[in-house]
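**Q** One structure, as C-alpha cells, below. Some questions next.
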Amino acid sequence: MPQVTMAAALNEALRYSMRNDPHVIILGEDVGKLGGVFRITDKLQEEFGEERVLDTPLAESGIVGSAIGMAMYGLRPVCEMQFDGFTYPAFEQIVSHLAKYGFRSRGRMRLPIVVRIPYGGGIGAVEHHSESLEAYFTHTAGLKVVTPSTPSDAFSLLVRSIEDPDPVIFLEPKRRYWIREDVDLKPNGLPIGKAAIRNEGTDVTLITYGPSVRTCQEAVEEAAADGVSIELIDLRTLVPLDLDTIMASVRKTGRAVVVHEAQVTGGFGGEIAARIMEDDFLSLQAPVIRVGGFDIPYPPAKLEDVHLPDLDRVLDAVDKVLNY
Amino acid sequence: MEGRRGIVDPSSVPTETIQLLKPDGTLVPDTGYEADLKKDDLLEIYRYMALARRADLEGTNLQRQGELGVYTPLIGQEAAQVGTGYALDEGDWIFPSYREMALAMMRKIDPVDILHLFRGTWHGGMWDPKEHRFAMYSVPIATQALHAAGFAIAAKLDGAKTVALGCFGDGATSEGDFHEAMNFAGVWQAPVVFLCQNNQYAISLPLSKQTAAPTIAVKAIGYGFPGVRVDGNDVLACYVVAQEAVRRAREGNGPTLIEAVTFRIGPHSTADDPTRYRTQDEMDHWGALDPISRFSKYLELEGIITDEFKQKVDDEAKELATHIRAEIVGAGPRPAHELFEFVYSEPSDILRREEWLLYEELAGRDEEGD
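Chains A and B, in that order, give the protein sequences. To convert a position in the first sequence, counted from 1, into our numbering, add 9. To convert a position in the second sequence, counted from 1, into our numbering, add 136.
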C-alpha cells in the first residue's frame, strides 16, 4: 500500500468528492494556483477549473457568508480558512447563520457546508497561526465538529463531511499534515460521530483527538513499558459525541484522562469529564483529569513546547488517576 | 472638482437623486426614464403598497396590545420595496433584513408567518424560503448581503438567469459584511442587486454619524460597479431604477447598488422612542412626502384609479387585518419537541436525551396541573 500523508489524503478526499458530485465547490484564499498554503487543494483548480475552485478576495466572513448563499442556491461549498486564527472574522456568519439556518427555517433550508480549518500548534508558527478553537464550535448548536488524526480518517471523514446535509467544522491538525500512513484512499463507510479505540487497555482510559493523538500514543507505549495498560480513544468527532465508546471504556478501566492542546478552562475536556461523571459516577475510581495547554494566549514558537501537553504531562496525569 | 490631479474628491462624485413623480403626483419632465407599466400593473403596485401598510400597521397594533414581543415597522418605505420588488421575476431570490414586509407579501408570504417571528413562535419566520424564493429574515446587520452575493455567484457559475436582491438599511453600510458583499459581487460581476433603504436613521443614529460619504450610492464606485440614488418615496422611480439594475444583472453585466432615499415614519422597532432623536420638523417634512398618497395622486391625475378600486383595496386591507388578528391573537407555542427536531437533519444521541428529559418535565408539569 502506498505511503500517504494527511495533507495528500485531504487533497484526495476533495478530488474524490468533486468528481463524485458536481455541486461540490471549493472556495478560499489562495486555493487555486497555489493550492492553498498547506497545498490541501493542490492541482484541484487544474482539474476542475476556476468555476469550481474559487480563489476569493481576502475576507473570511465573505468566504463563509457567500458560501451560505451558494448553498442556498444548491451547491455544496467547502470553505478553506487559511489558518485557525483567521477564522474569527467569519465567526458571526458561522454562529449566527451557518449553525442556525436549519433550525430557523424549520428544516427547510439545510446548509451542507464544510468549513476546513488548519488548527493547533507545534509547527513553530508566528502568532495567530496556532489556535485551538474547537470549543467555540462545539459550544455552538447546529454545527458538527470533526477532527481526524490519521490520513485514512482524514480522507473518509472529509468525504463524509462534504456529503453531510448539515454544516461541518472540519478541524485539520496542522502538525499532523505530514504524518504518513500505509493506506489505500477509498471511502470505508466511517460515519461522523464514531470514535476509534487506538489501543485496547484495562487500567486507564485516555481520551483525545486530532493533534494530541500522537502524544497520547507515545504515552501508551511508555506506560506499557512500565506495565500500565492504557485504553486510548481518538474521538475523531467532537459533535456529535460518541459517548457510548467513552463510557464502555471508562466502565472497564474506572479511570479517565482527557487530553487536548486547547487551554483547560472552558475546553472540550471539561465537557468529557462532566459527561463521564454524570453518566456513571460510580464506575470511577478516581476523578477524571484534564490535561491541556495553559490558560494563556498561545505562546511564541520558542515557548510552545512548554505550553503544549507533552508526554510527561500526560503520563503524570495517568499516574495521578492510578494512584488516587 | 478643484482637487489636484490624481486625487478623488468626494465633492466631485455625482449625488443626484432620480425622481419620476413629484410629491404632488405630477410627472417630472425629461428624466430620460419611462416606466413600462400598464394600467393593471399600476393598480397592482398601489394595491401592494396599501396592503403592506395595513399589515404593517396591524403588526404595530398587535405589539402595542401585547400580542407581539416586538415589531419593526416599515411604514414610509412601501415605495422602495414595492417598486423594487415589481422589477423582479418570480424566480429571482430576495434576501431580506427584518423590515421587508412589503417584499414578503409580494412573494405571497402570509404576513402572519412573519408576525409569528415577532410573537416568538419561531425564529426566522414560518415560511418556506425555497417555496417563496425569499430567505429567512436576517437580524444580524448586513450579513444577508453576503448570502445574496454568494447566491448570485452560484447562479452565475451555473449559467442561470436568476438574480438575487440583497436588502439592508443605511446602518448596514457600516458593517464589514456590507463591504465584503459588495467586493465579492464586484469581483465576480455577480447578478445581484443591492437595495439599501436609506431611511435616515440606524435606530437613533442619523446617516451623518454612519458615514462621511456624500451618499451611499457613491460607495459602489469603490467596488467597481454602478451605484444609483433614487427617491425611495417615488414608486415609479424605484421601479425603473430596479428594472435597469435587474436587467444589467440578468444580462451578465454585474451588480448594482441602489440607494433608495426614504424615511422610516415609525420607530426602528416598537421598543424605541423616535421623539428622542428626531425633530417634529423632520417628521412633518417627510410626512408630506408619503409614498402612497403621492402615487395615489398620480393615479388620480392620470385617471387610472377609481374610487371604486380604492374602496376594493381598502376592503381587502380590512379583511387582511382581520385575518392577521384572528391568526395571531392567542396563538400558542409550537410543540416543544420541534426544538430538537430542526437543529440537525438527524438529532444526535445527546439531543435525544435532552428531548426525553423535556418530555418527562412536561409530563410532570401536566400531572401537577391535574
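Glycine residues also receive a C-beta, built at the ideal position from the N, C-alpha and C atoms. None of these values were measured; they are calculated from a predicted model.
Let me confirm a value: Thr211/A is counted as buried when at least 16 other C-beta atoms fall within 10 Å, else exposed. Which label applies?
**A** Here residue 211/A refers to the residue found at position 202 of the first sequence. So Thr211/A counts as exposed.
**Q** Distance check for Ile188/A and Arg48/A, CA to CA, integer angstroms please.
**A** For this step, residue 48/A is matched to residue 39 along the first sequence. For this step, residue 188/A is matched to residue 179 along the first sequence. Spanning the two alpha carbons is a distance of roughly 15 Å.
**Q** What runs of the beta strand (DSSP E), each 3 residues or longer, lie entirely inside the region 194–252 of chain A?
**A** Runs of the beta strand (DSSP E) inside the region 194–252 of chain A: 205–208, 213–217, 239–243, 246–248.
**Q** Which whole-angstrom value describes the C-beta separation of His32/A and Gly83/A, a residue pair presumed to lie in contact below a C-beta threshold of 8 Å?
**A** Position 23 of the first sequence, counted from the first residue, corresponds to residue 32/A. Position 74 of the first sequence, counted from the first residue, corresponds to residue 83/A. With 8 Å as the limit, His32/A and Gly83/A qualify as a contact, their Cβ atoms being about 6 Å apart.
**Q** Using the three-state DSSP reduction, which class does Asn334/B fall into: helix, strand or coil?
**A** Counting from 1 along the second sequence, the entry for residue 334/B is found at position 198. Looking at Asn334/B - three-state DSSP - the assignment turns out to be strand.
**Q** From Pro327/B to Gly37/A, what distance separates their C-alpha atoms?
**A** As a position in the second sequence, residue 327/B is number 191, starting the count at 1. As a position in the first sequence, residue 37/A is number 28, starting the count at 1. Taking the straight line from one Cα to the other gives about 21 Å.
**Q** Can you name, in chain order, every residue of its own chain whose Cβ lies under 8 Å from the Cβ of Lys292/B, other than the five neighbours on each side?
**A** Stepping through the second sequence from its first residue, residue 292/B is reached at position 156. Same-chain partners within the cutoff: Trp324, Gln325, Ala326, Pro327, Gly388.
**Q** Looking at the structure shown, is Met137/B part of a helix, part of a strand, or coil, going by DSSP?
**A** Position 1 of the second sequence holds residue 137/B. Below a pLDDT of 50, predicted positions are generally treated as unreliable, and Met137/B, at 45, falls in that range; the measurement from the model is reported next regardless. Looking at Met137/B - three-state DSSP - the assignment turns out to be coil, as it is neither helix nor strand.
**Q** If the criterion is Cβ atoms closer than 8 Å, does the pair Ile122/A and Pro176/A meet it?
**A** Mapped onto the first sequence, residue 122/A falls at position 113. Mapped onto the first sequence, residue 176/A falls at position 167. Yes, these two residues count as a Cβ contact at 8 Å.
**Q** Only counting the same chain, and skipping five residues up and downstream in sequence, which positions put a Cβ closer than 6 Å to that of Gly93/A?
**A** Here residue 93/A refers to the residue found at position 84 when the first sequence is read from its first residue. Residue identity check: residue 93/A is Asp in the sequence provided, not Gly. Closer than 6 Å at Cβ, skipping near neighbours: Ile126, Tyr128, Glu140, Leu142.
**Q** Determine contact between the region 256–269 of chain A and the region 279–288 of chain A, defined as no fewer than three beta-carbon pairs at a distance below 8 Å.
**A** Judged by Cβ distances under 8 Å, the region 256–269 of chain A makes contact with the region 279–288 of chain A, as three or more pairs qualify.
**Q** With a 10 Å radius around its C-beta and 16 neighbouring C-beta atoms as the bar for buried, classify Met137/B as buried or exposed.
**A** By one-based count along the second sequence, residue 137/B stands at place 1. With a pLDDT of 45 at Met137/B, under the threshold of 50, the predicted position of this residue should be treated as unreliable, though the coordinate-derived value follows. It counts as exposed.
**Q** Which residues in chain B have a C-beta closer than 8 Å to the C-beta of Leu252/A? List them in chain order.
**A** Position 243 of the first sequence, counted from the first residue, corresponds to residue 252/A. The answer, in chain order, is Asp485, Ile486.
**Q** Let me make sure I understand the geometry here. Which of Ser292/A, Val297/A, Val315/A, Pro296/A has the alpha-carbon closest to that of Phe303/A?
**A** In the first sequence, residue 303/A corresponds to position 294, counting from 1. For Phe303/A, the nearest C-alpha among the options comes from Val315/A.
**Q** Residues of chain D with a CB under 8 Å from the CB of Val479/B: which are they?
**A** No chain D appears in this structure, whose protein chains are A and B.
**Q** Could you tell me which chain A residues have their CB closer than 7 Å to the CB of Trp258/B, listed as they occur along the chain?
**A** Start at 1 with the first residue of the second sequence, and residue 258/B comes out as number 122. Correct list: Arg115.
**Q** Which chain A residues sit within Cβ distance under 7 Å of Thr279/B?
**A** As a first step, residue 279/B must be located in the second sequence, where it is residue number 143. Those are Gly74, Glu101, Gln102, Ser105, His106, listed as they occur along chain A.
**Q** Leaving out five residues on either side along the sequence, give the residues of the same chain with a beta carbon under 6 Å from the beta carbon of Thr220/B.
**A** The residue given as residue 220/B occupies position 84 in the second sequence. Result list for Thr220/B: Leu331, Cys374, Ala378, in chain order.
**Q** Leaving out five residues on either side along the sequence, give the residues of the same chain with a beta carbon under 6 Å from the beta carbon of Arg235/B.
**A** As a working mapping, residue 235/B is identified with position 99 in the second sequence. Closer than 6 Å at Cβ, skipping near neighbours: Thr208, Leu210.
**Q** Shorter than 8 Å from the beta carbon of Pro200/A to some beta carbon of chain B?
**A** Position 191 of the first sequence, counting from 1, holds the residue named residue 200/A. No, no contact with chain B.
**Q** State the beta-bridge partners of Phe523/B as determined by DSSP.
**A** Outside the shown range of chain B (137 to 506) lies residue 523/B, about which nothing can therefore be said.
**Q** Is there a Cβ of chain A sitting closer than 8 Å to that of Ala285/B, yes or no?
**A** Taking the first residue of the second sequence as position 1, residue 285/B is located at position 149. Yes, Ala285/B lies at the interface with chain A (some Cβ there is under 8 Å from its Cβ).
**Q** Between which residues of its own chain and Ala462/B is the CB-CB distance below 8 Å, once the five residues before and five after are set aside?
**A** Numbered from its first residue, the second sequence carries residue 462/B at position 326. So the list is empty, once near-sequence residues are dropped.
**Q** Suppose only complete runs of 3+ residues qualify. What are the beta strand (DSSP E) ranges in the region 88–151 of chain A, listed by chain order?
**A** The qualifying runs are 123–128.
**Q** For Pro306/A, which of helix, strand or coil comes out of DSSP?
**A** The residue you call residue 306/A lines up with position 297 of the first sequence. Pro306/A falls in the coil class under three-state DSSP.
**Q** Among Gly71/A, Met79/A, Ala68/A, Val46/A, which one has its Cα closest to the Cα of Arg61/A?
**A** Walking along the first sequence from the start, residue 61/A turns up at place 52. Among Gly71/A, Met79/A, Ala68/A, Val46/A, the Cα nearest to that of Arg61/A belongs to Met79/A.
**Q** Identify whether Arg189/B lies in helix, strand or coil by the three-state DSSP scheme.
**A** For the purposes of this step, residue 189/B is identified with residue 53 of the second sequence, where counting begins at 1. Helix, per DSSP.
**Q** Determine the closest residue to Gly468/B out of Leu204/B, Asp166/B, Thr167/B, Thr162/B, with distance taken between C-alpha atoms.
**A** Along the second sequence, read from residue 1 onward, the residue named residue 468/B stands at position 332. Of the candidates Leu204/B, Asp166/B, Thr167/B, Thr162/B, the one whose C-alpha sits nearest the C-alpha of Gly468/B is Leu204/B.
**Q** Is Pro91/B close to chain A? Criterion is C-beta to C-beta, closer than 8 Å.
**A** For chain B, the structure presents residues 137 to 506; residue 91/B sits outside this window and is missing.
**Q** For the alpha helix (DSSP H) that contains Val248/B, what are its first and last residues?
**A** Within the second sequence, the letter at position 112 stands for residue 248/B. Segment 247–255, the alpha helix (DSSP H) holding Val248/B.
**Q** Can you list, in chain order, the residues of its chain whose CB lies under 8 Å from that of His252/B, leaving out five sequence neighbours each side?
**A** Sequence index remark: in the second sequence, residue 252/B carries index 116 (1-based). So the list reads Trp258, Gly261, Met262, Ile464, Ala467, once near-sequence residues are dropped.
**Q** Can a CB atom of chain A be found closer than 8 Å to the CB of Ile313/B?
**A** Residue mapping note: residue 313/B aligns to position 177 of the second sequence, counting from 1. The identity of residue 313/B in the sequence shown is Asp, whereas the question assumes Ile. So, interface residue.
**Q** Return the CA-CA distance between Ile250/B and Ala257/A, expressed in angstroms with no decimal places.
**A** Stepping through the second sequence from its first residue, residue 250/B is reached at position 114. Stepping through the first sequence from its first residue, residue 257/A is reached at position 248. So the two alpha carbons sit approximately 48 Å from each other.
**Q** Tell me the DSSP bridge mates of Pro182/A?
**A** Translated into the one-based positions of the first sequence, residue 182/A becomes position 173. DSSP lists Tyr128/A as partners of Pro182/A.
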